[in-house]
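The sequence shown maps to residues 16 to 159 in our numbering. Ideal Cβ positions, reconstructed from N, Cα and C, are used throughout, including at glycine. The structure appears below as structure tokens.
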Amino acid sequence: MKRLHIYPLLFGLLFCSTATLVNAQTDTPAATQLTREQVKRDRDEFVRTHNYDPVSENWVLKKGMEPPTGMKTRAEVKAERDAFLRAHRFEPVSGTWVASEKPRDRSTMTRAQIREEARQFHRTHQWDDNTSTWVEKKVDTKKK
16 MKRLHIYPLL FGLLFCSTAT LVNAQTDTPA ATQLTREQVK RDRDEFVRTH NYDPVSENWV
76 LKKGMEPPTG MKTRAEVKAE RDAFLRAHRF EPVSGTWVAS EKPRDRSTMT RAQIREEARQ
136 FHRTHQWDDN TSTWVEKKVD TKKK
């Protein structure tokens, strides 16, 4: 029977535990943590002003309630998206949105064309609540 050497085994275990601790640390400082009371207060305020709609599977504002300050309405967000789509066209070869020379008249497009452009826009952009703007999604170029 082979004899197990204790020093290489201990060295390997020490190396693994050290590597685990180093990898567990983040390179960015921790954001300000919300207290439990703040989270509870935010939750209670949200539940007080919203109802869950099982049909749309989304939280909706209760009737008579005002949206939080600084929040854009759904219509404003859609208007910004439509303004972007009027001023840009998707270039499938490069996979980017290119600014058009002049705004396009979307009323001449079919519903299928408009729907496909909106679908492509949502694939490449996402709404950022912090800045209240549409931002381009980051493309992950790493191979998995």
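Original post:
Does the segment 118–136 touch the segment 93–107, meaning 3 or more C-beta pairs lie closer than 8 Å?
Top reply: Yes: the two stretches touch, three or more of their Cβ pairs being nearer than 8 Å.
Original post:
Can you round the beta-carbon distance between Asn66 and Val54 to whole angstroms, since I take them to be within the 8 Å contact cut?
Top reply: Position 51 of the sequence shown, counted from the first residue, corresponds to residue 66. Position 39 of the sequence shown, counted from the first residue, corresponds to residue 54. In fact, because the Cβ distance is near 21 Å, the residues do not count as touching under 8 Å.
**OP:** Report yes if the CB atom of Lys77 is closer than 8 Å to the CB atom of Thr64, and no otherwise.
**Re:** Within the sequence shown, residue 77 is the residue found at index 62, counting from 1. Within the sequence shown, residue 64 is the residue found at index 49, counting from 1. In this structure, Thr64 lies closer than 8 Å to Lys77 by Cβ.
Original post:
Is the distance from the Cβ of Glu151 to the Cβ of His137 below 8 Å?
Top reply: In the sequence shown, counting from the first residue as 1, residue 151 sits at position 136. In the sequence shown, counting from the first residue as 1, residue 137 sits at position 122. Not closer than 8 Å, so no.
Original post:
Mind checking Glu131: buried by the 16 CB within 10 Å criterion, or exposed?
Top reply: For the purposes of this step, residue 131 is taken as residue 116 along the sequence shown, with counting starting at 1. The Cβ neighbour count for Glu131, taken over all protein chains shown within 10 Å, is under 16; the residue is labelled exposed.
Original post:
Which of the three DSSP states, helix, strand or coil, is assigned to Thr139?
Top reply: For the purposes of this step, residue 139 is taken as the residue at position 124 of the sequence shown. If DSSP states are grouped into helix, strand and coil, Thr139 belongs with the helices.
Subject >> Extent of the continuous alpha helix (DSSP H) to which Lys95 belongs >> reply: Along the sequence shown, read from residue 1 onward, the residue named residue 95 stands at position 80. The residue asked about is misnamed: residue 95 is Glu in this sequence, not Lys. Note, Glu95: alpha helix (DSSP H), 89–102.
**OP:** Kindly identify the DSSP beta-bridge partner or partners of Leu76.
**Re:** In the sequence shown, the residue the question calls residue 76 occupies position 61. Answer is His65.
Original post:
Taking the alpha-carbon positions, what's the Asp144 to Ala94 distance?
Top reply: Walking along the sequence shown from the start, residue 144 turns up at place 129. Walking along the sequence shown from the start, residue 94 turns up at place 79. Answer to the nearest angstrom: the Cα atoms are 16 Å apart.
**OP:** Report the option in Leu25, Ile129, Glu81, Ala98 whose CA atom is closest to the CA atom of Ala114.
**Re:** Position 99 of the sequence shown holds residue 114. When each option's Cα is compared against that of Ala114, the closest is Ala98.
Original post:
Under three-state DSSP, which class holds Thr125?
Top reply: Position 110 of the sequence shown, counted from the first residue, corresponds to residue 125. It is coil, neither helix nor strand.
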